[in-house]
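With our numbering applied, the sequence shown corresponds to residues 12 to 412, in that order.
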Amino acid sequence: MELGTVRIKKGAGRTLKAGGAWIYDNEIDVIEGNVQDGDMVNVQDFDGYPLGQGFLNRRSTISIRMMTRKKEVNVDEAWIEMRVRSAWEYRKATVDTASCRLIFGEADFLPGIVVDKFEDILVVESLALGIDRWKMVILDKLKKVLAEDGIIIRGIYERSDAKVRLQEGMERYKGFIGDPFDTKVEIRENGVRYIVDVKDGQKTGFFLDQKYNRLAIQRLCPGKEVLDCFTHTGSFALNAGIAGAASVLGVDASQLAIDQARENAALNGLSQRVLFRCADVFELLPQLEAEGKKFDVVILDPPAFTKSRNSIKNAVKGYREINLRGMKLVRDGGFLATCSCSHFMNPQLFAKTIGEAAAGVHKRLRQVEYRTQSPDHPILWSREDSSYYLKFYIFQVVDEK
């Protein structure tokens with residue numbers, strides 16, 4: 012079937028031409044042909060120069076998501092298999108694949124879809140109308156490619172329940188694809204066992220992007236007192252515990268998360284040394300300070316304080332406050348692990364904010380290391396930088412003398 016054509020305005024498409032994958036609604040000049048939302052289209056510059064192919068959705072601010080930059084490509088099942096196979100080969104070369112992200116949207120050149128693997132279970136999140144039409148093909152090709160390496164997928168669960176689907180003119184949805192199964196899945200990562208709730212856990216059930224950042228804090232923790240803030244289901248706390256911390260306190264505002272964290276602690280035989288408390292971190296940290304509490308290691312892994320450019324100022328205040336409070340609780344010469352998972356909190360602004368917090372409490376910071384997300388969440392360099400979101404620092408905190 013002949014594809015329709017979309018021509019962009021003169022001077023538009025700067026993000027696309029700098030390596031991005033998106034064309035916005037205000038960049039489109041002409042749409043030619045009988046094109047329905049979700050269809051593949053040829054994309055041309057203002058002068059007719061071919062820019063590739065993508066799928067169109069006029070109901071979305073991101074009107075076109077590019078699938079390929081080549082003009083004479085047939086995006087069919089064989090092409091999808093090529094993309095899927097490439098993504099899997101990349102994971103095998105870069106990460107422990109027992110549990111990992113298999114498909115990371117635009118960074119794997121399959122825009123708008125995420126697929127996570129938890130042992131022999133897949134969880135899919137489809138966020139764009141065009142890619143949703145290819146969802147079942149992508150999953151079938153994943154099962155085929157994994158089976159070639161002896162990995163048989165037992166079940167698939169869909170977590171396409173994010174609000175962003177509404178902006179695409181799609182309904183939110185979650186449920187089984189194929190036969191049902193127990194949605195509490197046991198995984199092992201960095202020597203730690205977890206029960207992942209793929210049905211009701213946050214996002215796809217577990218934050219795989221922090222895998223090697225969790226591993227990095229292990230060497231700091233033997234024999235130490237550790238505070239893990241925004242612990243969720245206890246992942247950083249349990250890495251500290253498995254490494255031999257003397258005591259660990261994990262804190263989260265969600266009772267459901269705390270209950271799951273305690274279950275995970277019991278699974279690892281750590282219930283005596285790794286304890287959890289349901290509390291608002293912003294309220295608890297000043298309380299701990301007033302009690303004179305100090306810790307050898309403080310970990311700050313908050314949720315994104317901003318999901319748009321409009322709320323960056325308030326996010327900066329939040330990150331400054333939480334880092335200031337965290338530093339006050341670190342013993343002289345102890346360590347602070349702190350991160351931001353907000354794409355809009357860019358690395359320069361995050362570093363500046365941490366520096367301001369340190370100055371505010373008269374602490375000196377010695378950077379141990381700077382990390383980003385695990386390689387199964389690859390960062391695709393482009394002007395929009397949509398795949399680069401996680402910033403993770405480890406500092407030694409030293410009192411000014």
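Just so it is clear, CB atoms sit at the ideal spot from N, CA and C, and this is done for glycine as well.
Return yes when the Cβ of residue j is within less than 8 Å of the Cβ of residue i, no when it is not.
i, j, result
"Glu197", "Ile206", "yes"
"Val308", "Met338", "no"
"Ala277", "Gly261", "no"
"Asp40", "Arg69", "no"
"Val259", "Asp291", "no"
"Arg382", "Asn275", "no"
"Val209", "Val134", "yes"
"Asn334", "Ile310", "no"
"Ala256", "Arg284", "yes"
"Thr242", "Asp220", "no"
"Ile405", "Ala254", "no"
"Gln407", "Val379", "yes"
"Glu411", "Lys363", "no"
"Glu130", "Ser110", "yes"
"Glu152", "Val95", "Checking the displayed sequence, the identity of residue 152 turns out to be Lys instead of Glu. Contact: yes."
"Gln271", "Thr244", "yes"
"Lys185", "Arg165", "no"
"Lys324", "Phe361", "no"
"Leu340", "Leu286", "no"
"Ser322", "Gly31", "no"
"Arg183", "Asp172", "yes"
"Val409", "Gly303", "no"
"Ala326", "Phe316", "yes"
Take the Cβ of residue i as the centre, count every other Cβ of all protein chains shown within 10 Å, and call the residue buried at 16 or more, exposed below.
i, result
"Ser398", "buried"
"Leu177", "exposed"
"Asn85", "exposed"
"Gln55", "buried"
"Asp87", "exposed"
"Trp145", "buried"
"Arg288", "exposed"
"Ala29", "exposed"
"Asp127", "buried"
"Asn53", "buried"
"Asp312", "buried"
"Ala370", "exposed"
"Ser97", "exposed"
"Asp202", "Asp is not the amino acid found at residue 202; the sequence shown has Gly there. By the neighbour-count rule (16 or more Cβ atoms within 10 Å), Gly202 is not buried but exposed."
"Asn250", "buried"
"Asp211", "exposed"
"Ala89", "exposed"
Kindly give me the distance between the Cβ atoms of residue i and residue j, rounded to whole angstroms, as I take these residues to be in contact under 8 Å.
i, j, result
"Met51", "Leu14", "6 Å"
"Phe413", "Arg336", "Not covered by the structure: residue 413. The range shown for the chain is 12 to 412."
"Arg80", "Phe66", "Going by Cβ atoms, the distance from Arg80 to Phe66 rounds to 14 Å, so no, they are not a contact pair."
"Ser71", "Glu179", "5 Å"
"Asn279", "Arg204", "5 Å"
"Lys82", "Gly63", "7 Å"
"Ile188", "Ile167", "4 Å"
"Glu38", "Gly24", "6 Å"
"Leu281", "Gly252", "4 Å"
"Ala118", "Leu391", "4 Å"
"Leu231", "Phe346", "5 Å"
Given 8 Å, three or more beta-carbon pairs between the stretch 137 to 151 and the stretch 104 to 122: Yes, they touch.
Residue ranges of each alpha helix (DSSP H) within the stretch 156 to 221, 4 or longer: Listed in chain order, the complete alpha helix (DSSP H) runs (minimum 4 residues) inside the stretch 156 to 221 are 175 to 178.
Complete beta strand (DSSP E) runs within the stretch 313 to 360 (minimum length 3 residues, chain order): Runs found: 341 to 351.
Meets three-Cβ-pair contact criterion under 8 Å: the stretch 317 to 336 and the stretch 349 to 363: Under the three-pair Cβ rule at 8 Å, the stretch 317 to 336 counts as touching the stretch 349 to 363.
Ranges of the alpha helix (DSSP H) found wholly within the stretch 74 to 123, counting only runs of at least 4: Listed in chain order, they are 88 to 105.
Unbroken stretches of the alpha helix (DSSP H), 4 residues or longer, contained in the stretch 260 to 313: Taking only runs of at least 4 residues, the alpha helix (DSSP H) segments lying wholly in the stretch 260 to 313 are 266 to 278 and 292 to 301.
Entirely enclosed beta strand (DSSP E) segments - the stretch 17 to 74, minimum 3 residues: Counting only runs of 3 or more, we get 33 to 35, 39 to 43, 51 to 55 and 61 to 67.
Any 3 or more C-beta pairs closer than 8 Å across the stretch 99 to 111 and the stretch 375 to 389: Yes, they touch.
Contained beta strand (DSSP E) runs [length at least 3] in the stretch 358 to 406, N- to C-terminal order: Fully contained in the stretch 358 to 406 are the following beta strand (DSSP E) runs of length 3 or more, in chain order: 374 to 382.
Segments assigned beta strand (DSSP E), at least 3 residues, entirely inside the stretch 123 to 148: List check, beta strand (DSSP E) in window: 124 to 129 and 132 to 137.
Secondary structure, alpha helix (DSSP H): runs of 4+ residues fully inside the stretch 221 to 260: The stretch 221 to 260 contains these whole alpha helix (DSSP H) runs: 222 to 229 and 246 to 253.
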